[in-house]
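What follows is a set of notes on a single structure, which appears directly below.
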Amino acid sequence: MTDPAPRTDPEIPGKPTSASRTTLSHIMTATDTNLYGTGHGGVIMKLVDDAAGAVAGRHSGGPAVTASMDEMVFLEPVRIGDLVHVHAQCNWTGRTSMEIGVRVMAERWNESTPAQQVGTAYLVFAAVDAQGRPRPVPPVLPETDTDERRFQEAQIRRTHRLARRRAIRELREKRVAEGLLD
Ligand SMILES: CC(C)(COP(=O)(O)OP(=O)(O)OC[C@H]1O[C@@H](n2cnc3c(N)ncnc32)[C@H](O)[C@@H]1OP(=O)(O)O)[C@@H](O)C(=O)NCCC(=O)NCCS
Numbered sequence: 001m002t003d004p005a006p007r008t009d010p011e012i013p014g015k016p017t018s019a020s021r022t023t024l025s026h027i028m029t030a031t032d033t034n035l036y037g038t039g040h041g042g043v044i045m046k047l048v049d050d051a052a053g054a055v056a057g058r059h060s061g062g063p064a065v066t067a068s069m070d071e072m073v074f075l076e077p078v079r080i081g082d083l084v085h086v087h088a089q090c091n092w093t094g095r096t097s098m099e100i101g102v103r104v105m106a107e108r109w110n111e112s113t114p115a116q117q118v119g120t121a122y123l124v125f126a127a128v129d130a131q132g133r134p135r136p137v138p139p140v141l142p143e144t145d146t147d148e149r150r151f152q153e154a155q156i157r158r159t160h161r162l163a164r165r166r167a168i169r170e171l172r173e174k175r176v177a178e179g180l181l182d
């Protein structure tokens, strides 16, 4: 499974990971609850998309749109009153897309314990021009061993995303060719 897309545009200088790393914080209130009275997953997902979008905009130096969100994992419930921190960074860049990794931490309102990790997510953003067409992004330059590991893991996810899309498209085309219309 190889990625046929060129990894970067050689004309654009790279940008280090730290140049676009972003944290958003939010106190969970009574309007952020689900039916069980804990934090609503959709509220967390919006914070995740907001933080990732800020990173994508900073890294690409302009507008960027969410192309996909995968592996949104909720590890622990968030509770009302918790101070939630959403840390996001650019893990990987392609020609016009960026994978943004997000870690969600919660400081419990009624405990003096360190912030607990409550979720993670990986999003792909595409940088777009004024007409909404994909435009090239600067290659991300990993700075630490952790950044490098995240880059390598993002490349694996990218390869699997492309392979999955291709396999599903081929299956659908095959079913249509066989006259199996859904
Ligand atoms: C994302 C979007 C710009 C892609 O446009 P497109 O015409 O399909 O262009 P491309 O196929 O060249 O894709 C552009 C890049 O995004 C990546 N991409 C597109 N769809 C993707 C998906 N579902 N998952 C992962 N990456 C994706 C491509 O691999 C490509 O990356 P690369 O240049 O680094 O190789 C377009 O589909 C779009 O505007 N979607 C709506 C986005 C939006 O409005 N988001 C907010 C939702 S409210």
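At position 161 of the sequence shown (counting the first as 1) the number is 161 in full-length UniProt numbering, and the numbers step up by one without a gap.
All C-beta atoms in this analysis are idealised placements derived from N, C-alpha and C, irrespective of residue type, glycine included.
Measuring only between beta-carbons, confirm whether residue i sits less than 8 Å from chain C.
| i | result |
| --- | --- |
| Thr96 | Looking at the structure shown, chain C is missing, and only one protein chain is on hand. |
For residue i, report the span of its beta strand (DSSP E) as first-last.
| i | result |
| --- | --- |
| Thr22 | Thr22 to Ile27 |
| Asp70 | Ala64 to Phe74 |
| Ala11 | Sequence inspection shows Glu at residue 11; the Ala mentioned does not correspond to that position. Note, Glu11: premise wrong, no beta strand (DSSP E); not H, not E. |
| residue 185 | A query on residue 185 cannot be resolved here, the shown segment of the chain reaching from 1 to 182 and no further. |
| Gln131 | Per DSSP, Gln131 belongs to no beta strand (DSSP E) and is neither H nor E. |
| Leu35 | Leu35 -> no beta strand (DSSP E), and no H or E assigned at all. |
| Ala126 | Gln116 to Ala127 |
| Arg103 | Ser97 to Glu107 |
Out of the options, which has the shortest C-alpha to C-alpha gap to residue i?
| i | options | result |
| --- | --- | --- |
| Arg108 | Gln117, Gly101 and Ile100 | Gln117 |
| Leu75 | Thr66, Met105 and Arg172 | Met105 |
| Ile27 | Arg172, Ser18, Ile100 and Gly39 | Gly39 |
Which residues mark the beginning and the end of the alpha helix (DSSP H) in which residue i is found?
| i | result |
| --- | --- |
| Ser60 | Gly41 to Ser60 |
| Val137 | From DSSP, Val137 is part of no alpha helix (DSSP H); its letter is neither H nor E. |
| Thr146 | Asp145 to Ala177 |
Would you say the beta carbon of residue i is closer than 7 Å to some non-hydrogen atom of ligand 1?
| i | result |
| --- | --- |
| Val65 | yes |
| Pro139 | no |
| Ala126 | yes |
| Thr96 | yes |
| Pro114 | no |
| Pro134 | yes |
| Ser60 | no |
What do you get for residue i, buried or exposed, if any count of 16 or more other CB atoms within 10 angstroms of its CB means buried?
| i | result |
| --- | --- |
| Asp147 | buried |
| Ile100 | buried |
| Ala56 | buried |
| Gly119 | buried |
| Ser97 | buried |
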